Every structure is written in C-alpha cells, then in structure tokens.
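Chains as they are written, first to last, in the numbering used here: chain A, 34 to 414; chain B, 40 to 490.
Worksheet: one structure, shown below.
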C-alpha cells in the first residue's frame, strides 16, 4: 500500500444530508470510498468517539452515559491510537477536552478552545509539521459547525425559554444550520490543499466522518442530539480517501464501531484479541455486490429531554432490513418504524403481538446481554 | 419555588397502630397529617429489618439492588437520595448514633448524630435535637431533612404521665403517644405550605412486652463489671462473650417459661423479627404524604410499596428521575388518577447474633412477594423449601399456610417473584457513581456548553 499516514477527521454534528451542500466534501466524496449509510453507536460526541477508538459499543467500553466520562476501561482496552502507536505510527490528537476520547496511545494529545481557535490555520500548520514524520496517525476534531449551531440557534432558544417555538421553526432552523456549511467547506478545502501542497495527499488515508447528526427540531423533546435514537441524529457518514482505491459508494448499512478494524486492516495491522472488538472491517463491503447490511445497535441517554439519563443509557434501538425497533427504558415504551415507507419516523407501527417485531426484540435482548445492559424490562408484572 | 422535604421514619411502627380501629394511641398530630394528606393503609416494607428498609426509602430500589443489609458493608452503596444535591437540595439529618446511620448520611450537608444507650428517645433529648436543627438558621433552602425515631425500639420505662390509658391500651401505643407530642413540636417549626412531609416507618413489629425485658440481667452485669475493673484489658472480649452467652441462655429459659401458659395469639405476639416470620405485623407500615404538593386528602387502600417513596418525592419536588430505581411514583394518586397494582417484593432480615455472627448469612433466609390477595415467601436459595402462602383476603392474620393445597397459585406467585428478581442490576450497572464524580463530569460538560 502506498499510503503510510492516516488522518481521521470528525466533523462534529455534521448531518449526513448536508454533505452535498459542502462542495469540497462532495468533491472528495466523489473520488473516495463513501459509506453512505453509516450509523453512530451513540448520538453524542463523548460516547461516539470512545466507541470509535475502542471498536466497542458504549456499554462495553464503559462510556455509556454523559457522566461516564471517566469510566473508559483503559486497562482492559487497546485503543485504535495504541494499536497504531505500537505499529510505529506517530500519533497525535486535536480535541476539545482531556476526556473527549481515550488519551492512551497518543504521542501528543492537544486540547484547543473551540470558541477561540482558528482550526483551519491550526490544522494546516499541524499537517505541515507532521509532514516531517515518517508515519503518522492524526485525529482532528472539527467543531465549527457545532459551535455555530449552539451559538446561533440553541442558545437563542434557551434564552427565550420558548421550546415550542423551536420545534415549529424547522425550516428556519434548517436554514441556519445550512449557513454553517460554508465553515466546513473552507476547512475541508484547507486540509486537502495542505495535504497536496506538502505532498502528503497520495501518501495518506484521509477519512472524514461525523460523530453524530443534529436535530433541527424534527422530534419534540430533542433540540440538539443525544436524547433519542431517530435517524436525524444517528445517521452519519464516512468519506474514506485511500490512495489507489477507485471511488465507490458503499450503500450497505454499517456502524462507527466498524472504523477501528477497518483502519487497522488498511494499515495492515493484525488485531490481537479480536474477540473483544465488536466492529467489523468495512473493507469486505467494497467491490462486493453480495454484501449485506450490517445490523446496527445504537444507545443513548440524554442530558435533557423527556427522560434525562446522563448516568446510564436509557434509549436503545436496533436497525436492520430498513426497519427500526426503539426501546425507551424510562417510560418503558416501544416504537417500530419502516424506514423505507416512513423515513421521518412519523408513524409508530409497533404491535405487541407481531412475530416480526418479536425477532427485533430478540436482537435487542442479544445486545443487552452481550453488553451487560440492564433495563427495566420485565420489572412490572 | 423548590419546596422543602421532611421525612420522619419511626422505627417499628406498624400500620394498625397508626391508623384504623385497633389504634389506641393518642396522636392528634399524626391524625392531622393524615386528615390533610394522603394516607396509604396498605404500604408494604421491603423487609422486617431497618437496614434493608431505610436503604429502599433512600434509593427507591429493592434490597437486592441497593445491597444495604446488616452484615453487608454498605459504605459503598449508592444512595440515590444524595443525588438530589445535584439539583440544588441540601440534605440534613438527625439520627441515632451507629455506624449504619453514619455511613448512610455520609454525604449529607449537616447532621446530628445523637448518642445514647441503647438509643435516646424523643423525650430524652432526641426530639429537642430535631427541633433545634429545624429552628436553626443553618439549614439552607431548599432542604431535605431526614430523621429516624427509635422510641418504640427501647424497652425502658416511659414517663408516668403517659402510662394513663388515655394514651394507649399498652406500652407500645403509649410510646407512640409520646412520639406524637414531639411530632407536633417538629411540625410547628416548619412551613407546611412549602414543605412536603412524609411520615412512615422502616418496618412493623410484633408486640413485645416492652415493660419487661426478659433478657435483662442487671445482677450479672454488675458482677461482671466488678470483675472487669480488676482484670487486665485483654480479658475484656472474653468477658463480653461470656456475658452475651449467659444472657441469651437466661433469656431463652425465661421465654420458654412464659410461653408455656400462652395461647396461639399470645405466642404470635412474642415472635421476634429476624426469625423468618414475615407476617403483616412487621411488613405493613404507615405511609403519609402531606403538605406541599398534596392538594387534597384521601385514605388509599390500594397496596403500595416502600420503594415508591423515593420516586414520589422526586416527582413532587420536580426533579427528573434519572437514576435506576425499582419504585413507581405515587403522584397519580394525588391527582386522582389510577395507578397499576404492583406486587411488593420483600425479604427477611438476617438475625443479629453478637455471639456467633459467622453462623449467619449476610442476607435473610427468605424472599417473597405480597399482592392484595396473597402473600408468598420461600427460602432465598431454594424455591421449593420453606414455602409459605397465605390467603390475605380470607385469612388476614396469616394463620394457615395454604401452599401445599394450592400449587398452581404457588407457581404463579413464583413467576412474579422471579420477574422481579430479573431486575437485579449487574454489579457493573450498580457500581456506585459518586456524586463527586458526577459533579466533576457536570463541570466539564458545563465548560463545553452542554449544560
């Protein structure tokens, strides 16, 4: 393989349906591997990034709650950064906070202030510096879209304390969100140009992902993300530019936990103790018309919303065959959606006595068991 | 406005002594709370032991989830109650002095741990401590104040003025009349308009003869104290063991003699808690909600559970429920709405034996459930052993075990019990998340603009 370096960039909260509005991202997508139906393992940054770096669902890696920031099982898990470092990569991360993702395995763990930083400039200089390294892995967190959305939309509604108004103004919220896409465009262009200028573009696997989506008011109770597991916040994407690989749209469903084994395989690294990793390499989906959708499991617990649960996730879903079963543990309610017929999940077609739904329930129980997730199911008799 | 919360638990106060036709105590203050609030006549404790019961009140969880027990180190237990501090509440307590209460309230903002042997009663200074605490300006609002009154647990004489029949037909009821006087003094110190008041008990009690402690051996104590004063210190543990052993033998001998002339009902009254006799006397407790948030009054006969107290408090005071609990809020009752009838899980408390504690398990021998119709319990470790089933509708005094003749009911009840047991949280999930850790996480989330 000609590429030696790996750059993984997360575009915080960038919605999948906005990729084509961002011309630089769209252009890169068209000459890369594009995983168009990836879903996050958890729709908020902390849990999502810990899942990506562990290749495990939140409950297994320990960060299965907003308050579980310090619970990552660092003594039991070899992170992606560790794996790459052990294989002679110089590893560096650019993040918002010491606890945003597991720091183990990074030669440099740099923290910036998202409110004052100029990420274009900062990361351009970083790439120039890294060009002198023999082989590197860089994780970069791009937060401008997220900051824009919080500043321009969320905080304004918080001040007015008018929740209902927010949910009524989806179109306006959407426009305001779109206004931030140019920030992303400039950033992506800068990164690509810098890689080209330094001669790194053809020596580097460049991966753009989003860690979670963002609500613009589609579902009452979720102003942002992390509260529910509807499509608007769990749908993410992955644009993977691998020098020498032909561009391709991979439209099979997959999960962010699959990135760990995929990157390891691209780097030619064998994962020891593979059984602990729950993700599967995505390379088997490439050039493989018979490949099937990966079943995905997603979990969350909101900081706010109707059932806040920052100590322990309380909302779960399993998605397969374009249908989704949701279980909300706090109110103990079920939802079932046909994502082809009803992509906006407006009509809950859950039926207690459906054999089809029973099979989805069995899969959900499977994930509960595999990840030692305890819910209130079966308590009330 | 965030309201204050006053929680009073009276050790060993069984439900029928507090409300109903059998009550003989004079309790105008408790009666006033009931009259102006919601009283649950069928509130069921999780256990006949204090540790398990108070653990459930302060966590909203079944004992097998909070793991607070007499012989279990509960200093690591996660007390959900403490989490209310994260919502701006200040926690205060006045409790008896022992290790259990010390650790239970370890994260409280202020507390009075009141020493006294065996326990100081309300009229001996404990009540004054509560009144002083409530009168002081040291309590920051909004506050939650918890106190646990031990008067009914102490077999020492009461003031003569309360031995009159107008205060109750027996010593137990007369003691309750004294407690009520202090409840009046406590309530006088709070603003009922902005305070939610909860009055309940940890568990019930049989009816021991409190005037005559059959284990009392004052002469022996005096003799051993004399020996102790002239013996080397290292001999003390030997002396204590000897004393406990002799006292137990004397107690058993006296008990046997007393029981020789007793009928069945009298024998039942002599039953001691902790001996795997989980009758309603020791499981059915009073439960009153009054004051803030209670806009009407009602006596509710539907069965409710001790684990429902915590979620009821959090809903009344408007704190979102975001911790793993087993209870269900009783607030729908206050709004004249219906609520599902839920079986009450309970388990026996282990018997304390100071002489040979190693012979006893950490947890009580039996586990079971109570529904409005039946009570079912059996050996903790073997569902086929010591099976007891009582028809509460036709045999409210639980005299006849009908388990053998009703195997189909036993099967149904066992299924319900097993379903409840399935809510046992794994050690991983139940691992304590300290409030310091939560505060640290909240600080970071705050810095990042999440909260």
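C-beta atoms are modelled at their ideal positions from N, C-alpha and C, and glycine is treated no differently.
Please read these numbers as outputs of a predicted model, since none were measured by experiment.
Ordered along the chain, which non-local residues of its own chain (more than five positions away) have a Cβ less than 7 Å from that of residue i?
i                      : result
residue 490 of chain B : 481 and 484
residue 202 of chain B : 213
residue 100 of chain A : 343 and 344
residue 365 of chain A : 409
Between residue i and residue j, which are expected to be in contact by the criterion C-beta below 8 Å, what is the C-beta distance as a whole number of angstroms?
i                      : j                      : result
residue 262 of chain A : residue 69 of chain A  : Between residue 69 of chain A and residue 262 of chain A the Cβ distance is about 19 Å, and since that is not below 8 Å, they are no contact.
residue 449 of chain B : residue 76 of chain B  : In fact, because the Cβ distance is near 38 Å, the residues do not count as touching under 8 Å.
residue 477 of chain B : residue 125 of chain B : 6 Å
residue 86 of chain B  : residue 386 of chain B : 6 Å
residue 49 of chain A  : residue 268 of chain A : 5 Å
residue 234 of chain B : residue 120 of chain B : Their Cβ separation, rounded to whole angstroms, is 17 Å, which puts residue 234 of chain B and residue 120 of chain B out of contact at 8 Å.
residue 406 of chain B : residue 373 of chain B : The Cβ separation is near 31 Å, so there is no contact.
residue 358 of chain A : residue 390 of chain A : 6 Å
residue 105 of chain A : residue 76 of chain A  : With 8 Å as the limit, residue 105 of chain A and residue 76 of chain A do not qualify as a contact, their Cβ atoms being about 18 Å apart.
residue 127 of chain B : residue 41 of chain B  : 7 Å
residue 310 of chain A : residue 88 of chain A  : 4 Å
residue 273 of chain A : residue 302 of chain A : Actually they are not in contact, since the Cβ atoms of residue 273 of chain A and residue 302 of chain A sit about 16 Å apart, beyond 8 Å.
residue 298 of chain A : residue 91 of chain A  : 23 Å between Cβ atoms; not a contact.
Which of the three DSSP states, helix, strand or coil, is assigned to residue i?
i                      : result
residue 405 of chain B : strand
residue 422 of chain B : coil
residue 221 of chain B : helix
residue 350 of chain A : strand
residue 359 of chain B : coil
residue 468 of chain B : Because residue 468 of chain B sits at a pLDDT of 46, beneath the cut-off of 50, its placement in the model cannot be relied upon, and the following sentence gives the value as read from the coordinates. Looking at residue 468 of chain B - three-state DSSP - the assignment turns out to be helix.
residue 326 of chain A : coil
residue 451 of chain B : helix
residue 94 of chain B  : helix
residue 57 of chain B  : helix
residue 212 of chain A : coil
residue 245 of chain B : coil
residue 231 of chain B : helix
residue 442 of chain B : coil
residue 71 of chain A  : strand
residue 370 of chain A : strand
residue 181 of chain A : helix
residue 83 of chain A  : helix
residue 157 of chain B : coil
Considering only heavy atoms of the ligand SAM, does any lie closer than 6 Å to the CB of residue i?
i                     : result
residue 69 of chain B : By its list of ligands, the structure shown contains no ligand whatsoever, and the ligand SAM lies outside what it can speak to.
So, are the CB atoms of residue i and residue j less than 7 Å apart?
i                      : j                      : result
residue 368 of chain A : residue 381 of chain A : yes
residue 241 of chain B : residue 48 of chain B  : yes
residue 217 of chain B : residue 68 of chain B  : no
residue 181 of chain B : residue 43 of chain B  : yes
residue 124 of chain A : residue 79 of chain A  : no
residue 254 of chain A : residue 376 of chain A : no
residue 144 of chain B : residue 169 of chain B : no
residue 326 of chain A : residue 285 of chain A : yes
residue 112 of chain A : residue 86 of chain A  : yes
residue 388 of chain B : residue 163 of chain B : no
residue 308 of chain B : residue 245 of chain B : yes
residue 235 of chain A : residue 276 of chain A : yes
residue 291 of chain A : residue 259 of chain A : no
residue 207 of chain B : residue 66 of chain B  : no
residue 408 of chain B : residue 428 of chain B : no
residue 118 of chain A : residue 220 of chain A : no
residue 97 of chain B  : residue 329 of chain B : no
residue 57 of chain B  : residue 411 of chain B : no
residue 47 of chain A  : residue 180 of chain A : no
Within a Cβ cutoff of 8 Å, which residues of the same chain sit near residue i, ignoring the five residues on either side of it in sequence?
i                      : result
residue 203 of chain A : 249, 250 and 251
residue 61 of chain B  : 55
residue 153 of chain B : 133, 134, 135, 136, 159, 164, 165 and 168
Please work out which residues of its chain come closer than 6 Å, Cβ to Cβ, to residue i, disregarding the five sequence neighbours upstream and downstream, and give them in chain order.
i                      : result
residue 346 of chain B : 95, 99, 365 and 366
residue 198 of chain A : none
residue 53 of chain A  : 59
residue 89 of chain B  : 241
Requested in this report: Can you give me, in chain order, the residues of the segment 118-132 of chain A that have a beta carbon less than 7 Å from any beta carbon in chain B?
Outcome: 129, 130 and 132
Report task. Compile a chain-ordered list of the residues in the segment 336-353 of chain A whose CB is closer than 7 Å to at least one CB of chain B. Result -> 336, 341, 342, 343, 344 and 345
Requested in this report: Taking a Cβ distance cut-off of 7 Å, strictly less, list which residues of the segment 88-106 of chain A are near chain B, in chain order.
Outcome: 99, 100, 102 and 103
Query raised in the report: Using a Cβ cut-off of 8 Å, which residues of the segment 173-184 of chain A contact any Cβ in chain B, in chain order?
Result: 183
Report task. Could you run through the segment 392-411 of chain A and flag, in chain order, every residue whose CB is less than 7 Å away from some CB of chain B? Result -> 405, 407, 409 and 411
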